[in-house]
Amino acid sequence: MKNVPTAESTVPAQAASGHASCMSCSMHDLCLVEGLSAADMEQLAGMVKTRRRVRRGSYLYKAGDPFDAIYPIRAGFFKSRVLSPDGREQIIGFPMPGDVLGFDAISRGSFHSDAVALEDADVCVVPFSELESIGRRFPPLQQRLHRIISREIVRDQGLMMLLGTMRAEERIGAFLLELSRRFMRRGFSSSQFILRMTREEIGNYLGLKLETVSRTLSRLQEQGVISVEQRKMQIISHDRLRVLSGVPESGLATDMSPENARRVALMRIHQPWSESQSSQ
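Just so we're aligned: 79 in UniProt numbering is position 79 of the sequence shown, and the numbers increase by one with no gaps anywhere.
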């Protein structure tokens with residue numbers, strides 16, 4: 001299995017442009033050009049104008065920033081988050097290489113969430129006006145955009161199920177299985193990987209307290225289902241983890257769009273998850 005690409009392992013931004021950039025990227029079969037032939041990609045040459053390096057802890061964009069581009073991730077992990085009116089953070093997803101950031105801003109012309117790098121990251125900058133123009137002339141690209149947006153809707157439904165119906169152990173199990181599935185789809189190990197996010201961030205995302213996350217991971221380790229050492233995660237038995245979490249083998253998409261996330265965040269603020277609710 002190959003290693004997850006890091007910003008240090010990618011080509012410098014100045015060397016990337018258009019068709020060559022897409023063809024040389026290890027994530028091109030998951031990105032905007034997924035399923036397109038080399039000849040099709042040739043027609044899209046020049047769509048990727050620049051690349052941008054985002055240092056760990058820095059913002060790619062903030063809520064309220066004007067929208068003019070989308071950002072396919074070449075390397076590195078992000079967290080997407082929204083803030084409640086009183087400034088509390090609600091994490092709504094952990095985008096990884098091959099995902100595309102920025103679609104949430106299309107409807108209003110400004111970003112509805114923050115995108116914060118969890119490690120040094122590298123993204124392509126695709127001007128949306130140009131993407132729209134090319135999409136009108138090139139139906140395969142437009143169809144690909146429709147599929148990506150449809151996938152976002154499915155992810156919304158997945159997280160609503162996680163937050164509304166699952167106990168703590170089920171949420172943690174579903175989260176780990178979904179990470180495993182996403183890694184596998186990218187050609188990485190589905191059994192051993194590094195958690196780029198902290199346990200506190202996992203808890204924030206799943207509506208669980210830090211103590212509940214730590215206690216649940218320890219219990220799964222004692223049961224021989226996983227092995228965890230700091231951020232090094234090994235899933236010893238996918239089958240047992242699926243049974244514990246109730247997740248089908250096809251997986252459960254669990255990223256959430258900002259619009260629905262705001263509603264969930266407000267719901268949590270007014271009706272916070274109690275320890276008994278999350279761990280029963």
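Glycine included, C-beta positions come from ideal geometry on N, C-alpha and C.
For T216, the number of other beta carbons within 10 angstroms of its own is at least 16, and it is reported as buried. Between the C-alpha atoms of S218 and F193 there is a straight-line separation of about 17 Å. In the three-state scheme derived from DSSP, where H, G and I count as helix and E and B as strand, P85 is classed as coil. Shown here for Y205: same chain residues with a beta carbon closer than 6 Å to its own, the five before and five after excluded, namely I91 in chain order.
Under the three-state reduction of DSSP output, E119 falls in the coil class, being neither helix nor strand.
Taking a cut-off of 8 Å on C-beta distances, the stretch 134 to 153 does not touch the stretch 185 to 201, as fewer than three cross pairs fall below it. S245: member of the alpha helix (DSSP H) spanning 238 to 245, first to last residue. Assignment of A39 by DSSP, reduced to helix, strand and coil, places it in the helix class. In this structure, L210 sits near R199, with a CB-CB distance shorter than 8 Å. Looking from the CA of P72, the closest CA among V54, R56, P97, Q230 belongs to P97. In this structure A174 touches M166 by the C-beta definition: roughly 7 Å separates them, less than 8 Å. In terms of Cα proximity to R171, the closest of V123, V125, R137, L220 is L220. Separation of I202 and L208 (C-alpha to C-alpha, rounded to the nearest whole angstrom) is 8 Å.
It is roughly 43 Å from the alpha-carbon of H238 to the alpha-carbon of R136.
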